[in-house]
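Everything on this sheet refers to the single structure shown next.
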Amino acid sequence: MYPKLVSISIISVMLVVLAPVLTLRYTVHKTKVTYFEAMTRCIKNGGHLATVLAPLQQHRIWSAITKASLSQESWWTSGTDLGMEGSWIWLARNVPLGSFAGYTNFIDGEPNNANGTEHCLAMVGGTKKGQWSDVGCDTLRFYVCEHDY
Ligand SMILES: [Ca+2]
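Numbering (the numbering used here), first residue to last: 34 to 182.
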């Protein structure tokens, strides 16, 4: 390929990947609900349960949580492997975890599907500072929605 074409291709790919990252805003909700209730509530609010494709999204979401002084809590995202054990997707966007440059942010030893009942992905607060774990979908947690501007 010609250098110009290569540059244009690279810029196009970056825009496709980055545009959704940069044009989302996040809302944090301090009501404890199940994964599916969180998903439903975000949609009712005109958004989606949060998807964390890239480090920048993780940073922006955890900043919003920290700013709200809620970094000790744990938070629903849209990650789940409920459809097929070990095959994680961001359900709200229907894309696999790691779609962006292989990025994931699990706590060491997670996901561990403890007791065979952990199929939904939460950001864990406190010392884990927003890293991810699989947890039971019926457990009650705060949640983060994302909205297009
Ligand atoms: Ca786990």
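For every residue, glycine included, the Cβ atom is placed at its ideal position computed from N, Cα and C.
Note that this is a predicted model, so its numbers are computed, not measured.
Closer than 7 angstroms to a non-hydrogen atom of ligand 1 - does that hold for the CB of residue 120? no
Beta-carbon proximity list for residue 74, same chain, < 6 angstroms, skipping 5 on both sides: none
In its own chain, which residues sit with a C-beta less than 6 angstroms from the C-beta of residue 85, not counting the 5 before and 5 after it? 91, 110
With distances taken from CA atoms, which of 69, 61, 57 is nearest residue 171? 69
Report buried or exposed for residue 114, applying the criterion of at least 16 other Cβ atoms within 10 angstroms of its Cβ. buried
Assign residue 112 to one of three DSSP states: helix, strand, or coil. strand
Return the Cβ separation of residue 25 and residue 173 in integer angstroms, given the expectation that the two are a contact with Cβ distance under 8 angstroms. Not covered by the structure: residue 25. The range shown for the chain is 34 to 182.
Supposed close pair residue 59, residue 108 - CB separation, criterion 8 angstroms: Residue 59 to residue 108, Cβ: 11 angstroms. No contact.
Comparing alpha-carbon positions, which option in 63, 168, 99 lies nearest residue 28? There is no way to answer for residue 28, as the model of the chain reaches only from 34 to 182.
Using a threshold of 7 angstroms, is the CB atom of residue 21 nearer than that to any non-hydrogen atom of ligand 1? Look at the range of the chain in this structure, 34 to 182, and you will see that residue 21 is not part of it.
In the structure shown, what three-state DSSP assignment does residue 166 receive? strand
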